[in-house]
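A quick write-up on the structure given underneath.
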Amino acid sequence: MNRIVCSLCCLLISAAAARPDQVRNSWEWFNAAEFYEAREHRSDRDLAISARYFRLSAEKGNPVAAFKLGELYEHGTGLAKDPLQAFNWYMRSAARNDKHGQLKVGWCYQKGIGVQADPKIAAIWYRISAENDNIWAYHMLAFMLADGDGVKKDVALARRYLELSLPKTKDHWAKWKLAQLIAEEEPERAKSLLKEAAAAGNIQAVEELRLAP
């Protein structure tokens, strides 16, 4: 664990080396990238141009552009899909304290995207992102805590994080999971959450309601 923490510190220190004026200037490239990405009836050429401008912005130290470039590599939008490059750019974004980049580094470690899967490291990055006020990081941590995946199982904390994140995420999987956690204590509310999740297309919630007495 200490080795991991030291590595994170080294990343944050090295990321701070980018000059502030470079990052400021990078927004011109970023805005150009968004322009081409948002064009009506955009073509493959528009997406390729957008990806190139995101890269120019990211290379100047813009953490939001680095996050966007990671997404493009992860999904193969505007350039060839490349999990290794996706992880690389998410890491660059995370190292510059972008909460979305930090979330995606956690996701990569949890799912094994461009890096060997390691739920313990995933949980570390989710915590960093959550401390940076990313509501989706609380969402991801809640599931890990509820299942004891990469962290010590803590149902009470999992519930707290779901109660915190659900009003904003509106995620049907979160409703299903919270319903499981409160079933004995608040059966009526749990059933209501299952109905909401089922209405949103959650197969697990549909099945549990079908089997309910």
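Going by numbering that gives the first Met the number 0, 35 is the number at position 36 of the sequence shown; the sequence numbering is gapless. Each residue gets a CB set at the ideal place from its N, CA and C atoms; glycine is no exception. Only a predicted model underlies this, so the values are computations on that prediction, with no experimental measurement involved.
Buried or exposed: which applies to K151, given that a residue is buried once 16 or more other Cβ atoms fall within 10 Å of its Cβ?
On the sequence shown, position 152 is the one that residue 151 refers to. Label assigned to K151: exposed.
Decide if E27 is buried, meaning its Cβ has at least 16 other Cβ atoms within 10 Å, or exposed.
By 1-based counting over the sequence shown, the position of residue 27 is 28. Classification for E27: exposed.
Measure the Cβ-Cβ separation of Y89 and F53 and say whether it is below 8 Å.
Mapped onto the sequence shown, residue 89 falls at position 90. Mapped onto the sequence shown, residue 53 falls at position 54. Not a contact, by the Cβ cut-off of 8 Å.
Could you check whether T76 and L46 sit closer than 8 Å to each other, using their CB atoms as the reference points?
The count along the sequence shown starts at 1 and reaches residue 46 at position 47. The count along the sequence shown starts at 1 and reaches residue 76 at position 77. A contact, by the Cβ cut-off of 8 Å.
Classification of N133 by the beta-carbon crowding that lies within 10 angstroms, buried from 16 upward:
Translated into positions along the sequence shown, residue 133 becomes position 134. N133 is buried by the Cβ-count criterion.
Report, in whole angstroms, the separation of the C-beta atoms of A79 and L68, which I expect to be a contact under 8 Å.
In the sequence shown, the residue the question calls residue 79 occupies position 80. In the sequence shown, the residue the question calls residue 68 occupies position 69. With a Cβ gap of about 13 Å, A79 and L68 do not count as contacting.
Write down the C-beta distance between L165 and A173 rounded to the nearest angstrom, noting that I regard them as a contact closer than 8 Å.
Indexing the sequence shown from 1 puts residue 165 at position 166. Indexing the sequence shown from 1 puts residue 173 at position 174. 5 Å between Cβ atoms; contact.
By how many angstroms is the C-alpha of F142 removed from the C-alpha of Q203?
Here residue 203 refers to the residue found at position 204 of the sequence shown. Here residue 142 refers to the residue found at position 143 of the sequence shown. About 15 Å.
Take A198 and list the residues in its own chain whose beta-carbon comes closer than 6 Å to its own, dropping the five residues that flank it on each side.
Sequence index remark: in the sequence shown, residue 198 carries index 199 (1-based). Hits under 6 Å: none found.
Can you list, in chain order, the residues of its chain whose CB lies under 6 Å from that of V104, leaving out five sequence neighbours each side?
To locate residue 104, count along the sequence shown from 1; it is residue 105. Only Y89, M90, A93 and W124 meet the Cβ criterion.
Beta-carbon contacts of E36 that lie in its chain and below 6 Å, excluding the five residues immediately before and after:
Position 37 of the sequence shown holds residue 36. Contacts found: S49.
Taking buried to mean at least 16 other C-beta atoms within 10 Å of its own C-beta, is F34 buried or exposed?
Within the sequence shown, residue 34 is the residue found at index 35, counting from 1. With fewer than 16 Cβ atoms within 10 Å of its Cβ, F34 is classed as exposed.
Once the 5 residues before and after I127 are set aside, which same chain residues still bring their CB inside 7 Å of it?
Position 128 of the sequence shown holds residue 127. Around I127: Q101.
Helix, strand or coil: how does DSSP classify E185 here?
Numbered from 1 along the sequence shown, position 186 holds the residue referred to as residue 185. Residue state, collapsed to three classes: coil.
For V63 versus D117, is the C-beta distance shorter than 8 Å?
For the purposes of this step, residue 63 is taken as the residue at position 64 of the sequence shown. For the purposes of this step, residue 117 is taken as the residue at position 118 of the sequence shown. No, Cβ-Cβ distance for V63 and D117 is not below 8 Å.
With 16 as the cutoff for other CB atoms within 10 Å, does N201 come out buried or exposed?
What you label residue 201 is simply residue 202 of the sequence shown in a count that begins at 1. With 16 or more Cβ atoms within 10 Å of its Cβ, N201 is classed as buried.
Are the Cβ atoms of Y137 and A145 separated by less than 8 Å?
Your numbering for residue 137 matches position 138 in the sequence shown. Your numbering for residue 145 matches position 146 in the sequence shown. No, Cβ-Cβ distance for Y137 and A145 is not below 8 Å.
Rounded straight-line distance, which links the Cα of F29 to that of K59:
Stepping through the sequence shown from its first residue, residue 59 is reached at position 60. Stepping through the sequence shown from its first residue, residue 29 is reached at position 30. Each residue's Cα considered, the two are about 10 Å apart.
Using the Cβ count rule (16 or more neighbours within 10 Å means buried), how would you classify I113?
Residue 113 sits at position 114 when you count from the first residue of the sequence shown. Note that residue 113 corresponds to Gly in the displayed sequence, not to Ile. By the 10 Å Cβ count, G113 comes out buried.
Keeping to the same chain, check which residues put their C-beta closer than 7 Å to that of G149; ignore five residues upstream and five downstream.
The residue you call residue 149 lines up with position 150 of the sequence shown. Excluding positions up to five away in sequence, the list reads P118, K119, A121, A122 and M143.
Which class does I112 belong to by DSSP, given the choice of helix, strand or coil?
Counting from 1 along the sequence shown, the entry for residue 112 is found at position 113. Of the three classes helix, strand and coil, the one that applies to I112 here is coil, per DSSP.
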